[in-house]
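Undergrad: Right, I'll just put the structure down here and ask away after.
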Amino acid sequence: MRTAMLLFPGFTALDAFGPYHALAHIPGYDFAFVAEHAGPVTDGGKITIEAQYGIDDVGQVDLLVVPGGVPAITLARSGHRLVDWIAEVHPTTQWTTSVCTGALMLGAAGVLRGLPATTHWYSHAELADYGAIPTDARVVEAGKVITAAGVSAGIDMALMLTEKLAGRDYAQATQLDMEYDPQPPFQSGHPRSAPPEVTTWLRGMYDSMLGPIS
């Protein structure tokens with residue numbers, strides 16, 4: 020069984036590394052990083068991951084994980100060839116999953132049409148542009164499609180998926196190995212609880228990074 024995590028320049032590191040830690044060693048699943056072309060892919064900062072395969076080398080996967088990042092929004096809007104690849108492999112996957120704005124790439128590929136889905140709060144409403152049903156939840160399962168909200172929710176999604184693939188005990192051991200026992204210092208993890216001025220500032224930052232929708 021093959022697990023593929025799709026990378027692109029500017030991916031959000033925790034979107035990838037959180038699920039990677041949970042999913043990379045599941046018995047019976049061979050994990051690989053896949054990108055448009057094999058080779059190094061940077062998050063836009065100081066982290067680089069080596070993609071073992073290019074999309075032209077991979078025609079079938081059992082578990083697909085698509086992380087997010089600001090570039091995922093523009094890749095979805097532009098109909099990039101990575102989106103085309105998602106559309107090609109999705110029909111034969113066992114599970115198709117996303118973290119954060121990776122959901123928009125699933126949406127652009129037609130994966131979310133008519134399905135409930137979630138993504139980062141900034142892009143939540145945009146899910147409807149792809150025929151999805153925006154759902155305010157940290158993780159949303161719809162058939163074989165699982166979407167996770169922003170960044171850290173990818174760990175929740177991956178642990179849920181680990182239970183499905185390897186059983187509850189294995190998933191609990193994975194959580195314990197990660198010591199995933201969140202006790203955040205602030206109640207500002209979502210606009211519903213964050214100070215309004217913080218949400219406004221961060222939304223403005225994203226707006227300036229993306230520019231107008233063409």
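Going by the working numbering, the first residue of the sequence shown is number 20, and it counts up by one from there. Just so you know, even glycine gets a beta-carbon here, dropped at the ideal spot from N, CA and C.
1) Determine the DSSP secondary structure at Met24, reduced to helix, strand or coil.
2) For the alpha helix (DSSP H) that contains Ala167, what are its first and last residues?
3) Quick check on Phe30: buried or exposed, where buried means 16 or more other Cβ atoms within 10 Å of its Cβ?
4) In chain order, what residues of the same chain have a beta carbon less than 6 Å from the beta carbon of Pro135, not counting five sequence neighbours either side?
5) So within the stretch 181-221, which uninterrupted alpha helix (DSSP H) runs reach at least 4 residues, ignoring any that extend past its ends?
6) Could you say which of Tyr225, Leu178 and Ser142 lies nearest to Gly37 if we only look at CA atoms?
7) If you count every other CB in all the chains shown that lies within 10 Å of the CB of Glu69, and 16 or more means buried, which is it?
8) Helix, strand or coil for Ser117 per DSSP?
9) Our contact map puts Tyr141 next to Arg222 with C-beta atoms below 8 Å; I'd like the distance itself, whole angstroms only.
10) If I follow the unbroken alpha helix (DSSP H) through Leu82, where does it start and stop?
11) For Ala54, list the residues DSSP reports as bridge partners.
12) To the nearest angstrom, how far is the alpha carbon of Ala156 from that of Thr116?
TA: Let's see:
1) For Met24, the three-state secondary structure derived from DSSP is strand.
2) Premise fails: Ala167 lies in the beta strand (DSSP E), Val164 to Ala167, not in any alpha helix (DSSP H).
3) Only buried fits Phe30, as 16 or more other CB atoms lie within 10 angstroms of its CB.
4) Ile152, Thr154, Val159 and Ala161, listed in sequence order.
5) Complete alpha helix (DSSP H) runs here, min 4: 187-197.
6) Just measuring C-alpha positions, the residue of Tyr225, Leu178 and Ser142 sitting nearest Gly37 is Leu178.
7) It counts as exposed.
8) Three-state result, Ser117: strand.
9) Your pair Tyr141 and Arg222 checks out as a contact, with CB atoms roughly 6 Å apart and the cut at 8 Å.
10) Note, Leu82: premise wrong, no alpha helix (DSSP H); beta strand (DSSP E) at Leu82 to Val85.
11) DSSP output for Ala54 lists Gly73 as bridge partner(s).
12) Here the alpha carbon of Ala156 sits roughly 15 Å from the alpha carbon of Thr116.
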